[in-house]
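In what follows, a single structure is set out as structure tokens and then discussed.
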Amino acid sequence: MLELEHGFRVVDVATRLPPADGTGGPGVPTITADRLEREMHQAGITGSIVFPPSLPEADYLAPNNGVARRSVDRPFVAFARINGTETPGQTATDRLRNAVSGREDRHTSPSDVEKFAYDDRFHGFVLDPAVDGYPDEDVLAALENVDLPVIVRGGVDAPPETLAETLLGRSFPVVVGRFGGHPLNRELMDEMIDLLDEYDDCYLETSFVRYREQLERAVLEHPDRVFFGSGAPDCHPNVAVMEILTLDVSEDMLRRAFSKNACRVIDALAPEADNWN
315 MLELEHGFRV VDVATRLPPA DGTGGPGVPT ITADRLEREM HQAGITGSIV
365 FPPSLPEADY LAPNNGVARR SVDRPFVAFA RINGTETPGQ TATDRLRNAV
415 SGREDRHTSP SDVEKFAYDD RFHGFVLDPA VDGYPDEDVL AALENVDLPV
465 IVRGGVDAPP ETLAETLLGR SFPVVVGRFG GHPLNRELMD EMIDLLDEYD
515 DCYLETSFVR YREQLERAVL EHPDRVFFGS GAPDCHPNVA VMEILTLDVS
565 EDMLRRAFSK NACRVIDALA PEADNWN
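Residues 315 to 591 in the numbering used here are what the sequence shown lists, from first letter to last.
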């Protein structure tokens, strides 16, 4: 594919890097780090946050380390995927399940959070509540202590109301993936945009948001709170970049969404951190 020509610096906060052996799980495209780097270059993306795909009942230590290892000397910024024991909900069954669901070896512990945070290979965390569950209070306290960004996949199985109850309002920045409405749920996307008025340290990323109305609304109403995310490798980054380029917003707002906003929150994406060139 031809390289996409545009005059913007673009950083991507939503890129999965599957294991090199193809064991990323069902529905996860097989892609090498070299090919992913080439596709990002074609799209004009200068830096990408990468993390392993979510896997049911997985121990993420090895996948996280694999992502960090393959990020060396590439324009990749590794985030560590975490999981938890908590199931959101207000029913008696939900409360009982949480009361008896002790942390197992595969679950992220407070000490795991600290190890990842003080390992200079990682610059934040990623959570997919539909697969990974939610962290318990001890792990949330550890996340607050280390104060690194957390990217959380939002959607019908992790709606804005639940994210507000479990993660938002903490001391660490939360980047809600897919505008909180995956797959293609306009109502949930609008609810998530509304929540930006209430939570100052909450941000939205754009991967798989195919609706111009919601994209433009978020960028116009909250120009400092939208981060570009490609959703690669499921979506080619060229496609994701073009969706933002065609919005009817000012060039300044495009620059904010493409890089300035994310660089303000995630230091490793800032231009001065581009030490892979």
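Virtual Cβ for every residue (Gly too), placed ideally from N, Cα, C.
By DSSP, does SER521 sit in helix, in strand, or in coil? coil
Would you check if there are 3 or more beta carbon pairs closer than 8 Å linking the region 447-459 to the region 360-375? no
Pick helix, strand or coil for ARG435, following the three-state DSSP scheme. coil
Indicate the three-state DSSP secondary structure (helix, strand or coil) for PHE541 in the structure shown. strand
Counting C-beta neighbours from all protein chains within 10 Å, is the total for PRO497 16 or more, i.e. buried, or is it exposed? exposed
ALA456: which of TYR432, THR480, PRO424 and PRO463 sits nearest, CA to CA? PRO424
Closest by C-alpha distance to ASP452, when choosing among VAL427, ARG330 and LEU502: VAL427
In the DSSP assignment, the alpha helix (DSSP H) including LEU328 goes from what residue to what residue? The amino acid occupying residue 328 in the given sequence is Ala; Leu does not appear at that position. Where ALA328 is concerned, there is no enclosing alpha helix (DSSP H), although the beta strand (DSSP E) it sits in stretches over 324-330.
Hey, quick one: how far does the alpha helix (DSSP H) through GLY455 stretch, first residue to last? Per the sequence shown, residue 455 should be read as Ala rather than Gly. Its alpha helix (DSSP H) spans residues 451-460.
Please identify the residue among PHE430, GLY438 and THR399 whose C-alpha is closest to the C-alpha of ASP419. THR399
Examine the Cβ distances between the region 527-539 and the region 559-579 and report whether three or more of them are shorter than 8 Å. yes
Coarse secondary structure for GLY469, derived from DSSP in three states: strand
Could you tell me which residues DSSP pairs with CYS549 in its beta bridges? DSSP output for CYS549 lists no bridge partner at all.
On a Cα-Cα basis, can you pick out the residue from ARG492, TYR513 and ILE359 that is closest to LEU482? TYR513
Using only alpha-carbon positions, find the residue among VAL533, ILE580, PHE393 and ALA587 that is nearest to ASP504. VAL533
Using the DSSP secondary-structure output, state which residues sit across from SER362 in a beta bridge. ASP326 and PHE390
Using the three-state DSSP reduction, which class does GLY491 fall into: helix, strand or coil? strand
C-alpha gap between ALA413 and THR360, whole angstroms: At ALA413, the pLDDT of 45 sits below 50, so the modelled position is not reliable; the number obtained from the coordinates is stated separately. Cα-Cα distance, rounded: 45 Å.
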